[in-house]
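Undergrad:
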Amino acid sequence: MKEDENFMGIFKYFKSKKPKPSLENVVSVENNRHNDKVIRCTLNQENDARTEGLGLDKFENWQMYYFKSHPGLYLIRNPFTNLGQRYWIRKCLEEYPRKPNKTNIDFEVYLEDWWETCYSNEVYDQSLLQKLRWTTLGYHHNWDTKVYTDENQSPFPPELAELADVVALYLGCTTFKAQAAIVNYYYMKSTLSAHTDHSEINLEAPLFSFSFGQSAIFLIGGLDKSVAPTAILLQSGDILVMSKEARLCYHAVPKILPASSTPWNENLNEVTEKISLYKYISQSVDFHKNMNRNINCNEWSKFGNYVDKSRININVRQVLKENQNRLQCDVLLS
Ligand SMILES: O=C(O)CCC(=O)C(=O)O
373 MKEDENFMGI
383 FKYFKSKKPK
393 PSLENVVSVE
403 NNRHNDKVIR
413 CTLNQENDAR
423 TEGLGLDKFE
433 NWQMYYFKSH
443 PGLYLIRNPF
453 TNLGQRYWIR
463 KCLEEYPRKP
473 NKTNIDFEVY
483 LEDWWETCYS
493 NEVYDQSLLQ
503 KLRWTTLGYH
513 HNWDTKVYTD
523 ENQSPFPPEL
533 AELADVVALY
543 LGCTTFKAQA
553 AIVNYYYMKS
563 TLSAHTDHSE
573 INLEAPLFSF
583 SFGQSAIFLI
593 GGLDKSVAPT
603 AILLQSGDIL
613 VMSKEARLCY
623 HAVPKILPAS
633 STPWNENLNE
643 VTEKISLYKY
653 ISQSVDFHKN
663 MNRNINCNEW
673 SKFGNYVDKS
683 RININVRQVL
693 KENQNRLQCD
703 VLLS
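Here it is, written out as C-alpha cells:
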C-alpha cells in the first residue's frame, strides 16, 4: 500500500477502481497468511437450546477469532446454516423495511411495505429496489442529530433480539439487550464512510454486526483517523463483534467484493433433514415455520436475485444502561 498510512488514505486505496487495490493485506481469517494478526479462540460454553432454531450451527462448530492489535474485536466466521442465511436475508428484505420501521426512502415517499411495492406489478421496480440504503429498528438512529429519543422507536424484532442474545451469551455477555439496529443495504458500488458509533448511552455493551450476501472489505482503526486501519474480509454469515476498546474505533466499508461462494444456495435439503430433528422450537422465532417457504425455489428466487448483487449488514446495539428503562429521566410528580 502506497497511500498515506492513515484511515482516509487506506480508505481511498481500497475504494479505488483504477488502479484496483491489492487484496494481499486484507485479513481473511480462513487464510493462514494472517496468523500474525488473528488468533483462533475457543470458548467452553454449553450449546444454547435456541441456537439451531435461529439458523445457527451448533456452538461446538463455531470458528471464533480475535485480532491481536484490536482488543475487543472478534470475528465469528459464518456460524449460520445455509438455510439460516436464507432466513435472515429474507427478514431483511421482506419484513424489516416494513412500517413502522424507518428507511431512507421515507425522505422521498411514504411506503408501507417497500418489498411488496417493488413487486406489486408484473415487472418488478428495479430502481425502487436499489433505492433502499438502510432501515432502522427499535430505537431509530437519527442520521442528523445522532441522538436517540424515547418517542422515536418501534418494536424491536423478537427473533433478532434472540439472535443477539444467544451470540452475546456465548461470548460471556449476560446482560446484553438488543434495543436498536441499523440494516445496511449495499450494492456493488456502495461504500460506507469512516465513522464511530457513539450515540448509545451504553457504550460498554458490545455491538453485533451480521453480514449476508456479497463480501466486503471492512476497515477498523483507532479512536481517531490518524491510526492506520486493519482491513478485514467480511463474508456472508460472518458476525463481527465490536466490544471494549474496539467499540468506539473508527470503521468503514470502502469496497464490496463478489462473494467467492454462495452458501445460501447450497445443500439445502441436507440442512432440512438435520433441522427437523431439533427439539427446541422458540415461541418468538419463526424459523421452523418458514423453512419450507425458504427452500422453495420459486419463493426464494427474488431474494436470491437480490443478494446475488448486494450485501446486507445488520448491526445490533444496546442503547440504555443496564437498569434503565427509557432515555428520559423519570420526573417524580408530587
Ligand atoms: O456494513 C458494515 O459491515 C458496517 C456497518 C456500520 O459500520 C454501521 O452501520 O455503523
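According to this note's numbering, the sequence shown is numbered sequentially starting from 373. Cβ atoms here follow ideal geometry from the backbone N, Cα and C, with glycine treated the same way.
#1: In whole angstroms, what is the alpha-carbon distance linking G544 and V398?
#2: Contact defined as beta carbons within less than 8 angstroms: I believe H567 pairs with Y622. What is the distance between those atoms, to the nearest angstrom?
#3: Give me the Cβ distance between V410 and F439, rounded to the nearest whole Å; I'm assuming they're in contact under 8 angstroms.
#4: Would the beta-carbon of F590 be found less than 8 angstroms away from any heavy atom of ligand 1?
#5: Measure the CB-CB distance between Q709 and S583 and report whether it falls below 9 angstroms.
#6: Which residues in the same chain as N454 place their Cβ atom closer than 8 angstroms to its Cβ, once the five residues preceding and following it in sequence are excluded?
#7: When the Cα of L504 is compared with those of T602, Q435, Y678, which residue comes out closest?
#8: Which residue or residues does DSSP assign as beta-bridge partners of V688?
#9: Hey, Y446 and V401 are a contact pair by Cβ (cut 8 angstroms); roughly how many whole angstroms apart?
#10: Leaving out the 5 sequence neighbours to the left and right, which residues in its chain are closer than 7 angstroms to L605 when beta-carbon positions are compared?
#11: For S615 versus L579, is the C-beta distance shorter than 9 angstroms?
#12: Quick one: what does DSSP say I573 is sitting in, helix, strand or coil?
#13: Taking 8 angstroms as the cut-off, does the CB of A618 come closer than this to any heavy atom belonging to ligand 1?
#14: Under 8 angstroms from any heavy atom of ligand 1, does the C-beta of H442 make it?
#15: On the CB-based measure, 16 or more other CB atoms within 10 Å of its CB, does R698 come out buried or exposed?
#16: Specify, as a first and last residue, the run of the alpha helix (DSSP H) that F675 falls within.
#17: Tell me the residue span of the beta strand (DSSP E) that contains S587.
#18: Can you list, in chain order, the residues of its chain with a C-beta nearer than 6 angstroms to that of R689? Leave out the 5 residues immediately preceding and following it.
#19: Can you tell me the Cα-Cα spacing of V538 and D596, whole angstroms?
#20: Per DSSP, which residues does Q525 bridge with? Please list them.
#21: Out of curiosity, what's the CA-to-CA distance linking P527 and K474?
TA: In this structure, then:
#1: 28 angstroms
#2: 7 angstroms
#3: 6 angstroms
#4: yes
#5: Not covered by the structure: residue 709. The range shown for the chain is 373 to 706.
#6: P635, W636, N637, E638, N639, L640, V643
#7: Nearest neighbour of L504 by Cα position, chosen from T602, Q435, Y678, turns out to be Y678.
#8: A553, F580
#9: Actually they are not in contact, since the Cβ atoms of Y446 and V401 sit about 10 angstroms apart, beyond 8 angstroms.
#10: V398, V399, S400, S587, I589
#11: yes
#12: Per DSSP, reduced to three states, the secondary structure at I573 is coil, with no helix or strand assignment.
#13: no
#14: Checking the 8 angstroms criterion, the Cβ of H442 is out of range of every heavy atom belonging to ligand 1.
#15: exposed
#16: Start and end: 669-679.
#17: 587-592
#18: For R689, where only same-chain residues beyond five positions count, the Cβ hits under 6 angstroms are A552, E572, L579.
#19: 32 angstroms
#20: In DSSP, Q525 forms a bridge with Y511.
#21: 12 angstroms
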